[in-house]
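Below is one structure, written out as structure tokens; the observations come after it.
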Amino acid sequence: MSDYRTHRFPDLEALSSTLATSIAEASRQTGKPGLLSLPGGRSPLRLIRILARTGAASLFGAISTVDERWSPEDFAQTNARMLRSEFGPSIRSRLIALDQTPDLSTAVARFETSISPWLNDFSVAVLAIGDDGHIASLFPGGPELSARNIVCASTSPIAPFQRCTLTLSSLARAKNIHVIIVGGQKQDLLYQVALRQDSHPLKQLVNLSDRNINLWISESSEY
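Put into structure tokens, the structure is as follows:
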């Protein structure tokens with residue numbers, strides 16, 4: 419069972435700048451290029467842009483999404499598209515992403531095959547907490563919380579509904595785990611629910627991991 423450390427910042431820009439430095443330092447400390455796994459959405463966008471601008475992402479041998487929307491008919495909604503757009507050509511050979519095939523089970527199996535060789539060198543996992551307390555595509559009370567394979571399919575309460583996600587047991591293998599929390603409402607959710615109730619994925623991740631989890635809090639709700 420791990421514990422958690424809290425890092426507070428006035429806004430998301432200051433948070434992202436400091437977190438980018440921490441991520442780069444984590445890679446240097448390992449002495450070899452490991453896996454960096456990143457979330458989608460608004461919360462990590464500033465961080466991703468700093469990692470791209472400073473070249474910090476180049477310190478990692480592979481970059482993956484922590485989860486992905488299975489959306490073969492609308493690739494524009496995917497997290498992988500955001501990473502390709504922000505990092506540019508430099509990420510092309512190192513990106514591990516969900517294959518948007520017409521069959522979700524096939525896509526999940528291919529993603530697992532691609533990412534599994536990197537789990538022993540899982541350097542950094544970055545997560546962001548959602549309005550309902552979900553991290554990656556692991557939802558409070560969802561059946562995916564009990565999955566023990568490397569990745570699994572999950573169902574979101576909002577569209578696009580079908581997802582693929584790293585499981586809690588996979589995320590717990592990361593040497594450095596960072597969770598981004600933006601604004602007062604999510605702070606209330608974090609301390610009143612997400613870190614207290616066993617049905618919430620963050621609480622379960624704290625229980626599974628043997629490393630301290632870093633909570634990065636932006637006091638401002640501006641993205």
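Heads up: the sequence shown runs through residues 419 to 641, numbered per our numbering.
For each residue, glycine too, the CB sits at the ideal point set by N, CA and C.
Everything numeric in this text was worked out from a predicted model, so none of it was measured.
Item to complete: Let me know if residue 622 comes out buried or exposed under the rule of 16 or more other beta-carbons within 10 Å of its beta-carbon.
Response: Within the sequence shown, the letter at position 204 stands for residue 622. The residue is buried, with at least 16 neighbouring Cβ atoms inside 10 Å.
Q: Identify every residue that forms a DSSP beta bridge with residue 453.
A: By 1-based counting over the sequence shown, the position of residue 453 is 35. In the DSSP assignment, residue 453 is bridged to 480, 540.
So within the region 573–617, which uninterrupted beta strand (DSSP E) runs reach at least 3 residues, ignoring any that extend past its ends? Whole beta strand (DSSP E) segments, 3+ residues: 580–584, 594–600.
Cutting at 8 Å between CB atoms, please list the residues of its own chain near residue 613, excluding the five before and the five after it.
Residue numbering aside, residue 613 sits at position 195 when the sequence shown is read from its first letter. Closer than 8 Å at the Cβ level, and outside the excluded window around residue 613, lie 422, 620, 621, 624.
According to DSSP, is residue 516 helix, strand or coil?
On the sequence shown, residue 516 is found 98 positions in, with the first residue counted as 1. When DSSP states are grouped into helix, strand and coil, residue 516 belongs to the coil group.
Item to complete: Answer yes or no: do residue 428 and residue 562 have a C-beta to C-beta separation smaller than 8 Å?
Response: Position 10 of the sequence shown, counted from the start, is the residue given in the question as residue 428. Position 144 of the sequence shown, counted from the start, is the residue given in the question as residue 562. No, the pair does not count as a contact, with Cβ atoms beyond the cut-off.
Report buried or exposed for residue 579, applying the criterion of at least 16 other Cβ atoms within 10 angstroms of its Cβ. Within the sequence shown, residue 579 is the residue found at index 161, counting from 1. The residue is exposed, with fewer than 16 neighbouring Cβ atoms inside 10 Å.
Are the CB atoms of residue 592 and residue 543 within a distance shorter than 8 Å?
Counting from one through the sequence shown, the residue named residue 543 turns up at place 125. Counting from one through the sequence shown, the residue named residue 592 turns up at place 174. Yes, the Cβ-Cβ distance between residue 543 and residue 592 is below 8 Å.
Query raised in the report: Going by the C-beta, is residue 489 closer than 7 Å to any heavy atom of the ligand FAD?
Result: Looking for the ligand FAD in the displayed structure turns up nothing, as the structure carries no ligands at all.
State buried or exposed for residue 486, treating a residue as buried only when at least 16 other CB atoms are found within 10 Å of its CB. Within the sequence shown, numbered from 1, the residue matching residue 486 stands at position 68. Per the 10 Å Cβ criterion, buried.
What does DSSP give as the partner residue(s) for residue 634 in the beta ladder?
In the sequence shown, the residue the question calls residue 634 occupies position 216. Looking at the DSSP output, residue 634 shares a beta bridge with 425, 598.
Identify whether residue 546 lies in helix, strand or coil by the three-state DSSP scheme. Against the sequence shown, residue 546 aligns to sequence position 128. Residue 546: strand per DSSP, three-state reduction.
Cα-Cα separation between residue 481 and residue 444, rounded to whole angstroms: Numbered from 1 along the sequence shown, position 63 holds the residue referred to as residue 481. Numbered from 1 along the sequence shown, position 26 holds the residue referred to as residue 444. Between the alpha carbons of residue 481 and residue 444 lies a distance of about 14 Å.
- Task: Give me the Cα-Cα distance between residue 530 and residue 628, rounded to the nearest whole angstrom.
- Result: Here residue 530 refers to the residue found at position 112 when the sequence shown is read from its first residue. Here residue 628 refers to the residue found at position 210 when the sequence shown is read from its first residue. It is roughly 23 Å from the alpha-carbon of residue 530 to the alpha-carbon of residue 628.
Q) Taking the DSSP output, what are the residues bridged to residue 486? A) Numbered from its first residue, the sequence shown carries residue 486 at position 68. DSSP lists 582 as partners of residue 486.
If you follow the alpha helix (DSSP H) that residue 562 is part of, which residue opens it and which one closes it? One-based indexing of the sequence shown puts residue 562 at position 144. Per DSSP, residue 562 belongs to no alpha helix (DSSP H) and is neither H nor E.
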